[in-house]
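Chemist: First the structure, which I've put down as structure tokens, then a few questions once you've had a look.
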Amino acid sequence: MTDTTFASLFSGCGCLDLGLERAGMRCIYQCEWDRHARAVLRYRFPGIPLAGDITLVEGDDIPQADVWAFGSPCKEFARCNKSNRSQGLSGSQSGLAWQVVRLLREKRPVERPSMLLWENVGSVYDKTYAEGLESWFEAFGDLGYPEVQAFLLRGPDVSVPQLRPRWFTLLSPSKVDFAGLKWAVDACSAFDLLNDDDGDLMSEHWRGEYARKLRRVWGEGKTEKVVARYQPILDLEHPEPALFTGNLSWSPSDGFSPTLDCTGQAFVYKPEWGGIRTLAPVERERLTGLPEDWTEVGDYEPWPRHSDKLKRSGGHSIVPKGQRIKMTGNGVIVQVAELMGRLMLANINVKSEVAS
Numbered sequence: 091m092t093d094t095t096f097a098s099l100f101s102g103c104g105c106l107d108l109g110l111e112r113a114g115m116r117c118i119y120q121c122e123w124d125r126h127a128r129a130v131l132r133y134r135f136p137g138i139p140l141a142g143d144i145t146l147v148e149g150d151d152i153p154q155a156d157v158w159a160f161g162s163p164c165k166e167f168a169r170c171n172k173s174n175r176s177q178g179l180s181g182s183q184s185g186l187a188w189q190v191v192r193l194l195r196e197k198r199p200v201e202r203p204s205m206l207l208w209e210n211v212g213s214v215y216d217k218t219y220a221e222g223l224e225s226w227f228e229a230f231g232d233l234g235y236p237e238v239q240a241f242l243l244r245g246p247d248v249s250v251p252q253l254r255p256r257w258f259t260l261l262s263p264s265k266v267d268f269a270g271l272k273w274a275v276d277a278c279s280a281f282d283l284l285n286d287d288d289g290d291l292m293s294e295h296w297r298g299e300y301a302r303k304l305r306r307v308w309g310e311g312k313t314e315k316v317v318a319r320y321q322p323i324l325d326l327e328h329p330e331p332a333l334f335t336g337n338l339s340w341s342p343s344d345g346f347s348p349t350l351d352c353t354g355q356a357f358v359y360k361p362e363w364g365g366i367r368t369l370a371p372v373e374r375e376r377l378t379g380l381p382e383d384w385t386e387v388g389d390y391e392p393w394p395r396h397s398d399k400l401k402r403s404g405g406h407s408i409v410p411k412g413q414r415i416k417m418t419g420n421g422v423i424v425q426v427a428e429l430m431g432r433l434m435l436a437n438i439n440v441k442s443e444v445a446s
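Note that this note's numbering has the sequence shown beginning at 91, numbered continuously upward.
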């Protein structure tokens, strides 16, 4: 069996890395800016070289690998960003994707990976960003990756009940053959992954606030039917369970979780509870395909000014709830990453056999 390796950039809490390892690849390098996510990586992938700020990484710092996998920041691509989402790759965060081009330029051609995997949000190929993406892909083409193949995949496509549409883009010297890739898709329901307790239910005050927001966002013209879908839930009168997020997207879900974000505003309603509560971190992990409590503990580097004594001295420490929510909101469906890993492995191994 070929020992196919990958370097992970913008690694988050390791969702993409875990999926690629499940496919049969081996992680040999990680890079993540966020301190809490870095602690989870250190705990879950012990011994793997782990860098922080990608702008300080040099090409020679990254060991030679068959694949570079990266889910660069989505902020200036994301539809939920109302302030500067039009900036795309010119934005201060999403523009960090250009660092991958820089790092490849700093590698000798024989040391560059055979293939690149880029993950980002479902809106990344909107017309608004076409010009910036064209320049970016041209830069990769000049470095030996002229072929660009993109796959839009969601959780239900791999039997995980979170919608989360994400583009997975392969950049390679030649076209990737995916005709022989097959996988089974099983029926799945988010409600099967939720804890059977009512937790802390949303107060009447906040249900009223969301009802007012609902009418403010959707209460005119044809969109009044959206209000009609949500109002019985907020009034605790709906006969069936439902899931929805704080942005009150087009329709509450009756089986799949809406895409989880970093705010923690992901809610579940069950009539037997007589109320609504937020999803717990462990439920968010399940809906991302992660093992239970994946983000619960981190191995922290010393953090001298932190209020938590354990984090000040470094070592194993509990990850704050808000940070666990943030990590799963930034995460990739693990099983989708595994599928992409299988696709890359099939093509890399074929090329290796031909070359030998």
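Using N, Cα and C, we set each Cβ at its ideal position, and we do this for glycine too.
1. Mind checking which residues open and close the alpha helix (DSSP H) that includes residue 250?
2. Would you kindly work out how many angstroms separate the C-alpha atoms of residue 96 and residue 254, rounded to a whole number?
3. Between the C-alpha atoms of residue 434 and residue 408, what's the straight-line distance to the nearest angstrom?
4. Which stretch, first to last residue, makes up the beta strand (DSSP E) that contains residue 196?
5. For residue 153, which of 123, 197, 142, 183 has the nearest alpha-carbon?
6. So what's residue 129 in DSSP terms, helix, strand or just coil?
7. Taking the alpha-carbon of residue 136 as reference, which of 262, 142, 389 has the nearest alpha-carbon?
8. Under 8 Å, do residue 209 and residue 256 count as touching if we go by C-beta distance?
9. Give the range of the alpha helix (DSSP H) segment to which residue 287 is assigned.
10. Looking at C-alpha atoms only, which residue of 158, 416, 424, 148 is the closest neighbour of residue 356?
11. Given residue 133, which residues of its chain have a CB within under 8 Å of its CB, disregarding the five upstream and five downstream residues?
12. Please identify the residue among 219, 385, 111 whose C-alpha is closest to the C-alpha of residue 432.
13. Select from 191, 217, 241 the residue whose C-alpha is nearest the C-alpha of residue 235.
14. In chain order, what residues of the same chain lie with their CB nearer than 8 Å to the CB of residue 155, ignoring the 5 residues before and after it?
15. Using a threshold of 8 Å, state whether the C-beta atoms of residue 103 and residue 335 are closer than that.
16. Go ahead and label residue 127 buried or exposed: buried means 16 or more other beta carbons lie within 10 angstroms of its beta carbon, across all protein chains shown.
17. Could you have a look at residue 115 and say whether DSSP puts it in helix, strand or coil?
18. For residue 77, which residues does DSSP report across the bridge?
19. Threshold first: 4 residues or longer. Then list the alpha helix (DSSP H) segments lying entirely within the region 310-347, N to C.
20. Out of curiosity, what's the CA-to-CA distance linking residue 430 and residue 412?
21. Given a cut-off of 8 Å, decide if residue 331 and residue 360 are closer than it, judged by their beta-carbon atoms.
22. Could you spell out where the beta strand (DSSP E) holding residue 264 opens and where it closes?
23. Tell me which same chain residues have a C-beta within less than 6 Å of the C-beta of residue 341, skipping the five on either side of it?
24. Secondary structure at residue 272, three-state DSSP: helix, strand or coil?
25. Is it buried or exposed for residue 437, if we count other Cβ within 10 angstroms and need 16 for buried?
26. Would you please state the rounded distance, in angstroms, between the beta carbons of residue 237 and residue 199? I believe it to be under 8 Å.
27. Going by DSSP in three states, residue 158 sits in which element: helix, strand or coil?
28. Residue 420: buried (16+ other C-beta within 10 angstroms of its C-beta) or exposed?
29. When you compare each of 287, 214, 399, 274 to residue 370 by their alpha carbons, which one comes out closest?
30. With a threshold of 6 Å on Cβ separation, who are the neighbours of residue 374 within its own chain once the five nearest residues in sequence on each side are excluded?
31. How many Å lie between residue 49 and residue 339 at the Cα?
32. For residue 259, does the count of other Cβ atoms within 10 angstroms reach 16, so buried, or fall short, so exposed?
33. Can residue 160 and residue 100 be called in contact, C-beta distance under 8 Å?
34. Which whole-angstrom value is the C-beta distance of residue 378 and residue 426, which I expect to be below 8 Å?
35. Is residue 189 near residue 144, with beta carbons less than 8 Å apart?
36. What are the boundary residues of the alpha helix (DSSP H) that includes residue 230?
Modeler: So, from the data block:
1. Counting along the chain, residue 250 falls outside any alpha helix (DSSP H), and DSSP gives it neither H nor E.
2. 24 Å
3. 35 Å
4. Per DSSP, residue 196 belongs to no beta strand (DSSP E) and is neither H nor E.
5. 197
6. helix
7. 389
8. yes
9. Element bounds for residue 287: n/a, residue is neither H nor E.
10. 416
11. 387, 388, 389, 406
12. 111
13. 191
14. 95, 96, 97, 118, 119, 203
15. no
16. buried
17. coil
18. Outside the displayed span of the chain (91 to 446) sits residue 77, for which this structure offers no information.
19. 314-324
20. 29 Å
21. yes
22. Note, residue 264: premise wrong, no beta strand (DSSP E); not H, not E.
23. 319
24. coil
25. buried
26. Actually they do not touch by this definition, with Cβ atoms about 17 Å apart.
27. strand
28. buried
29. 287
30. 350, 418
31. Shown here, the chain extends from 91 to 446; a query on residue 49 therefore has no answer.
32. buried
33. yes
34. At roughly 10 Å, the Cβ-Cβ gap does not stay under 8 Å, so residue 378 and residue 426 are not in contact.
35. yes
36. 220-232
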